[in-house]
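Read through the structure below, which is laid out as structure tokens, and then see the notes.
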Ligand SMILES: [Zn+2]
């Protein structure tokens with residue numbers, strides 16, 4: 005944990021903590037934000053424009069201020085108490101996807117593959133936020149599915165920060181960005197991430213897995229900046 009994280013934690017202690025979702029005085033997540041999040045149902049989502057090869061994707065919610073606060077606090081301020089809440093949302097999305105693909109799920113082990121962050125980002129944060137969410141989500145779903153988590157992908161080269169880039173620039177930035185770090189044996193994969201925006205990361209990750217002969221069943225995310233497809237609840 006870096007000095008700035010200790011400073012943030014010390015600030016919380018001195019000034020009083022605030023809800024990560026709405027900013028009201030509270031430790032962690034206030035009951036109102038928790039209830040708001042709990043009331044949301046997963047849905048199929050497609051970015052507009054949709055990149056060629058974008059996997060079928062289920063998300064647990066639109067990316068609203070509550071989730072923006074929670075996701076950011078989890079990965080940038082190491083609010084590990086939020087891993088469980090985010091994993092619960094991710095598990096709902098994974099279940100929504102798998103329930104729609106029952107024919108493929110009955111016979112095979114499903115491997116959740118987190119979208120990789122840059123190694124420098126993981127070092128700075130001190131943990132891999134997406135992988136830790138995926139592990140907790142998998143534990144929650146094990147009574148229902150044969151699930152494993154494998155950090156099978158890695159960044160093949162340096163990419164610039166996606167924030168502030170448009171859809172085309174993001175696609176160019178990520179083209180060929182991921183490669184298989186370790187093989188997955190006889191597996192069907194589901195990509196997992198915290199957020200889907202333009203779909204560039206999920207598309208590129210799906211391409212890398214498919215190139216290695218891995219079946220990509222789809223993707224599941226906690227939140228999406230894009231809209232629900234009319235009439236398609238997961
Ligand atoms: Zn709140």
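Numbering (this note's numbering), first residue to last: 5 to 238.
For every residue, glycine included, the Cβ atom is placed at its ideal position computed from N, Cα and C.
{"Asked": "Taking Cβ positions, are residue 228 and residue 125 nearer each other than 8 Å?", "Found": "no"}
{"Asked": "Go to residue 222, then tell me how far its beta strand (DSSP E) extends in each direction, as first and last residue.", "Found": "219-228"}
{"Asked": "Return the chain-ordered list of same chain residues with a C-beta closer than 6 Å to the C-beta of residue 105, the five sequence neighbours on each side being excluded.", "Found": "221"}
{"Asked": "Any heavy atom of ligand 1 within a distance shorter than 7 Å of the CB on residue 25?", "Found": "yes"}
{"Asked": "For the 8 Å Cβ check, are there 3 or more pairs between the region 112-124 and the region 154-163?", "Found": "yes"}
{"Asked": "Just reading off the beta strand (DSSP E) that residue 114 is part of, what are its end residues?", "Found": "114-118"}
{"Asked": "For ligand 1, any of its heavy atoms closer than 7 Å to the Cβ of residue 33?", "Found": "yes"}
{"Asked": "Given that a residue counts as buried once 16 or more other Cβ atoms are within 10 Å of its Cβ, and exposed if not, what is residue 165?", "Found": "exposed"}
{"Asked": "Output the distance between the C-alpha atoms of residue 224 and residue 134, rounded to the nearest integer angstrom.", "Found": "12 Å"}
{"Asked": "Would you identify the three-state DSSP class for residue 159, choosing helix, strand or coil?", "Found": "strand"}
{"Asked": "For the 8 Å Cβ check, are there 3 or more pairs between the region 137-154 and the region 82-97?", "Found": "yes"}
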